[in-house]
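> Below you will find the structure I want to go over with you.
Chains as they are written, first to last, in our numbering: chain A, 1 to 205; chain D, 1 to 205; chain U, 1 to 205; chain X, 1 to 205.
Shown next as structure tokens:
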């Protein structure tokens, strides 16, 4: 019922994550009212995204700049004996915000629920083991990882993936750790599952 | 913490209606994974929106095409004695979907909560009265409106706006109507406010 | 894990509508802290409920008092030519609050989704037709109903029940009406289903 | 508008935790339809609650039985060197369900947000220190607590209370511990606050 140009854009926005047709429609009417310069800014920014953003050759994080390594991988002050495996790019931001971790990262690219070959291929398992074995080949010279932190989410999928990673990484003879379990800020014992509360009791200090 | 090109686009998407920084971030990572052709399609569609979509000279609806009137205003089969005043473009889609209305529309451009001069200026009051008085001047020849339907939302703002419109339109000596009040599909008497239930009782049939 | 007296009461409260085990537990600990006199007041009130509350012999509403008719059925100022059929007791409170209805009520006792014999038996169909035909037999002398308002909810079940009632009541040759459909207070056209919006357009005034 | 006996009971139920007038009304109509024997069972259970349930002279838990100590405090197999301080009775159920704790409990009776004298009086501080110092005086002979676990909720109030307790208990020269912080089951790094994620990183194992 909308003019073709409007409907076309509604359809495109409807494919964005979390966006349905109604929100997509609001986006289009928002753009209709937006000034020409701001529209041009949006278009240029989308173009830039594809042209300027690169993927780090060690950790697979996205970055902008002249060389092959991202800001963290090329930062001499980071502790290069620690490697933290995370599911996806946004998790790295969450960990950086804590200011409690100074090592390197590796973005696994997802999680698996079942260990089907098809699903496992989405994960960068081969790339991970290569980088742990020979970091110098991927731009991180003079180092040897001593601890590998598997920081997948403590969800069903994240747990299955962590167990799989432990199995894969065991032969490399590194210390393998997982994020600590316990009560989060703001929790109430009454509404906490017994597994979490059990971990909190065992991990009391 | 994100590369500049990514952060820039997160900031732009964060201004979209209903979008916060977290959703904006998901949009950007979605675009990062999107194929080049689809990105080009998005950019072209945004460009088209600004270039091809026009505003109807009678009803202020957006449309695409060669002349000055939208599809509905230029449709000879519509009943040109009825004019339905709506708040915004999406309301016209809602009414068309009912297939119960065959007249013309006028998009008011919003609602007012208080009758401040500043707020009233956002509404197309002058344009409305001109089009009711002389539709032929705006591309609708040989007609005379006999009924003006004020179809603002039955919200506080919509009601205030409707009362104001009634006052403005009364001197034009047209039949002025409002959408019927009553129980919507799926309502339960137990949870219905007394004003709505009162209307439903009075409007029983 | 709780002492037996506590667990027993948790189990009983868990059967209350909308109450799960956790809320039931909160109820019990609330009662544990409640003063003796208040507990006695609660027990006395529950006992009173069963002893003092009666069911009106005409409309099936619950009431307290010396005779057989409830306050409304025995009120000489009510309009005894109007009968409003409602699903359940709480609906009568909703309608009374509008102060737009001065007739009598009849509590049907529920709704049916499908016209199964078993379901239909839950409704007081026979009692309804008897009271419409001969109100004097049930304590309402010198009257003749001229309009029967079927005020079931406009939900799927309520609609099915209303259609069934219309079929049953048609041979009685009374005016049969239904509550008016339309937009409720606070509605927005954009989020209103097309059936409701269609009714609101047809019922404009 | 309801008969007096109904309204009275609605008013009483409206004081129950989480219950508003509408739910209270549903409770009353539920009781109206409930069989006589079930009503009698409810009344008897409420009476029993007040008559049979006692408070444990050591831990302040409620229990039923012949002596002065609850089931846990009188269980010879519990580890009587551990004492876990909890806010309220339901927290003890949560901890017992984990099957990871075999010591004794002490129910503090609440939390404080600010260290006002008035608020602090609600907590059983004096009773707590007496029981830690001389458990034999309160029915737990031949024991010496070696670890006091402060298991208040990790909420703002629970934290303030825990800090206050630590200050009070320090002179007793016992090991004082707190429940471990970290990621709960099902958490996602992306939505975890930085304090919790920081604890999870520090507590990795």
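Cβ atoms here follow ideal geometry from the backbone N, Cα and C, with glycine treated the same way.
Can you list, in chain order, the residues of its chain whose CB lies under 7 angstroms from that of residue 71 of chain X, leaving out five sequence neighbours each side?
Position 71 of the fourth chain holds residue 71 of chain X. Closer than 7 angstroms at Cβ, skipping near neighbours: 63.
> Note down the Cα distance separating residue 49 of chain X from residue 19 of chain X, rounded to an integer number of angstroms.
Looking up residue 49 of chain X in the fourth chain gives position 49. Looking up residue 19 of chain X in the fourth chain gives position 19. Between the alpha carbons of residue 49 of chain X and residue 19 of chain X lies a distance of about 21 angstroms.
> For the stretch 62 to 85 of chain X, enumerate the residues whose C-beta is nearer than 9 angstroms to any C-beta of chain U, in chain order.
62, 63, 64, 65, 70 and 71
> Shortest alpha-carbon distance to residue 116 of chain D belongs to which of D:164, D:205, D:179 and D:136?
Position 116 of the second chain holds residue 116 of chain D. Of D:164, D:205, D:179 and D:136, the residue nearest in Cα terms is D:164.
> Secondary structure at residue 60 of chain D, three-state DSSP: helix, strand or coil?
Translated into the one-based positions of the second chain, residue 60 of chain D becomes position 60. DSSP places residue 60 of chain D in coil when its eight states are reduced to three.
> Helix, strand or coil: which one does DSSP assign to residue 53 of chain U?
Position 53 of the third chain, counted from the first residue, corresponds to residue 53 of chain U. Of the three classes helix, strand and coil, the one that applies to residue 53 of chain U here is strand, per DSSP.
> Any beta-carbon of chain U closer than 8 angstroms to the one on residue 153 of chain D?
Counting from one through the second chain, the residue named residue 153 of chain D turns up at place 153. Yes, because at least one Cβ of chain U sits closer than 8 angstroms to the Cβ of residue 153 of chain D.
> For residue 138 of chain X, name the three-state secondary structure that DSSP assigns.
Your numbering for residue 138 of chain X matches position 138 in the fourth chain. Of the three classes helix, strand and coil, the one that applies to residue 138 of chain X here is helix, per DSSP.
> My understanding is that residue 131 of chain U touches residue 102 of chain U, with C-beta atoms under 8 angstroms, so please give their C-beta distance in whole angstroms.
Here residue 131 of chain U refers to the residue found at position 131 when the third chain is read from its first residue. Here residue 102 of chain U refers to the residue found at position 102 when the third chain is read from its first residue. With a Cβ gap of about 18 angstroms, residue 131 of chain U and residue 102 of chain U do not count as contacting.
> Between residue 143 of chain D and the rest of its own chain, which residues show a CB-CB distance below 6 angstroms, the 5 nearest in sequence each way excluded?
Position 143 of the second chain, counted from the first residue, corresponds to residue 143 of chain D. So the list reads 80 and 135, once near-sequence residues are dropped.
> Tell me, please, whether the CB atom of residue 46 of chain X is closer than 8 angstroms to any CB atom in chain U?
On the fourth chain, residue 46 of chain X is found 46 positions in, with the first residue counted as 1. Yes, its Cβ sits closer than 8 angstroms to a Cβ of chain U.
> From the beta carbon of residue 112 of chain D, is the nearest beta carbon of chain A less than 8 angstroms away?
Mapped onto the second chain, residue 112 of chain D falls at position 112. No - not a single Cβ of chain A is within 8 angstroms of the one on residue 112 of chain D.
> By the criterion of Cβ-Cβ separation under 9 angstroms, what are the contact partners of residue 98 of chain X in chain U?
Taking the first residue of the fourth chain as position 1, residue 98 of chain X is located at position 98. Under the 9 angstroms cutoff, chain U gives no residues; its nearest Cβ is about 12 angstroms from residue 98 of chain X.
> Can you tell me where the alpha helix (DSSP H) holding residue 18 of chain D begins and where it ends?
Sequence index remark: in the second chain, residue 18 of chain D carries index 18 (1-based). Careful: residue 18 of chain D lies outside any alpha helix (DSSP H) and carries neither H nor E.
> Tell me, please, whether the CB atom of residue 93 of chain A is closer than 8 angstroms to any CB atom in chain E?
Absent here is chain E; the protein component of the structure consists of chains A, D, U and X.
> Please state whether DSSP places residue 209 of chain X in a helix, a strand or coil.
Here chain X has residues from 1 to 205 only, and residue 209 of chain X is not among them.
> If the criterion is Cβ atoms closer than 8 angstroms, does the pair residue 189 of chain D and residue 95 of chain U meet it?
Residue numbering aside, residue 189 of chain D sits at position 189 when the second chain is read from its first letter. Residue numbering aside, residue 95 of chain U sits at position 95 when the third chain is read from its first letter. Their beta carbons are under 8 angstroms apart, which means residue 189 of chain D touches residue 95 of chain U by this criterion.
> Which ranges does the beta strand (DSSP E) cover as unbroken runs of at least 3 residues, wholly within the stretch 153 to 179 of chain A, from first to last along the chain?
175 to 178
> Let me know the secondary structure DSSP gives residue 148 of chain A once reduced to three states.
As a working note, residue 148 of chain A is residue 148 in the first chain. The answer is strand: DSSP assigns residue 148 of chain A an E or B state.
> Nearest-angstrom Cα distance between residue 251 of chain U and residue 58 of chain U?
Because residue 251 of chain U is not part of the residues shown, which for chain U are 1 to 205, the question remains open.
> The beta strand (DSSP E) with residue 83 of chain A in it runs from where to where?
As a working note, residue 83 of chain A is residue 83 in the first chain. Element bounds for residue 83 of chain A: 82 to 86.
> Against chain D, does residue 33 of chain U count as a neighbour if the rule is that its beta carbon must be under 8 angstroms from one of theirs?
Counted from its first residue, the third chain places residue 33 of chain U at position 33. No, residue 33 of chain U does not count as interfacial toward chain D.
> Only counting the same chain, and skipping five residues up and downstream in sequence, which positions put a Cβ closer than 7 angstroms to that of residue 14 of chain X?
To locate residue 14 of chain X, count along the fourth chain from 1; it is residue 14. Residues of the same chain with a CB within less than 7 angstroms of the CB of residue 14 of chain X, apart from the 5 flanking positions on each side, are 20, 21 and 24 in chain order.
> Within the continuous alpha helix (DSSP H) that includes residue 130 of chain A, where are the two ends?
Against the first chain, residue 130 of chain A aligns to sequence position 130. First-last of the alpha helix (DSSP H) with residue 130 of chain A: 125 to 133.
> Of all Cβ atoms in chain X, is any one closer than 8 angstroms to the Cβ of residue 89 of chain U?
Here residue 89 of chain U refers to the residue found at position 89 when the third chain is read from its first residue. True, the Cβ-Cβ gap to chain X drops below 8 angstroms.
> Select from A:140, A:178 and A:150 the residue whose C-alpha is nearest the C-alpha of residue 73 of chain A.
Translated into positions along the first chain, residue 73 of chain A becomes position 73. Selected option, being the one with the closest Cα: A:140.
> From the DSSP output, in three-state form, read off residue 181 of chain U for me.
Translated into positions along the third chain, residue 181 of chain U becomes position 181. Of the three classes helix, strand and coil, the one that applies to residue 181 of chain U here is strand, per DSSP.
> Residues in the stretch 170 to 187 of chain D with C-beta within 7 angstroms of chain A's C-beta atoms, listed in sequence order?
none
> Taking only beta-carbon atoms, is residue 189 of chain X less than 8 angstroms away from chain A?
On the fourth chain, position 189 is the one that residue 189 of chain X refers to. Answer yes: the Cβ-Cβ gap between residue 189 of chain X and chain A drops below 8 angstroms somewhere.
> Helix, strand or coil: how does DSSP classify residue 30 of chain U here?
For the purposes of this step, residue 30 of chain U is identified with residue 30 of the third chain, where counting begins at 1. Three-state DSSP puts residue 30 of chain U in a helix.
> Comparing C-alpha positions only, which one of D:99, D:161, D:105 and D:98 sits nearest to residue 123 of chain D?
Stepping through the second chain from its first residue, residue 123 of chain D is reached at position 123. For residue 123 of chain D, the nearest C-alpha among the options comes from D:161.
> Using a beta-carbon distance cut-off of less than 8 angstroms, what residues from the stretch 10 to 31 of chain U approach chain X?
Within the stretch 10 to 31 of chain U, the residues whose Cβ lies closer than 8 angstroms to some Cβ of chain X are 12, 16, 17, 18, 23, 25, 26, 27, 28, 29, 30 and 31, listed in chain order.
> By DSSP, does residue 79 of chain X sit in helix, in strand, or in coil?
Taking the first residue of the fourth chain as position 1, residue 79 of chain X is located at position 79. Note: residue 79 of chain X maps to coil in three-state DSSP.
> Around the Cβ of residue 75 of chain X, are there at least 16 other Cβ atoms within 10 angstroms (buried) or fewer (exposed)?
In the fourth chain, counting from the first residue as 1, residue 75 of chain X sits at position 75. Classification of residue 75 of chain X: exposed, given that the 10 Å Cβ count is below 16.
> Of all the options X:107, X:133, X:89 and X:82, which has the alpha carbon lying nearest to the alpha carbon of residue 171 of chain X?
The residue labelled residue 171 of chain X in the question sits at position 171 within the fourth chain. Comparing Cα positions, the closest option is X:133.
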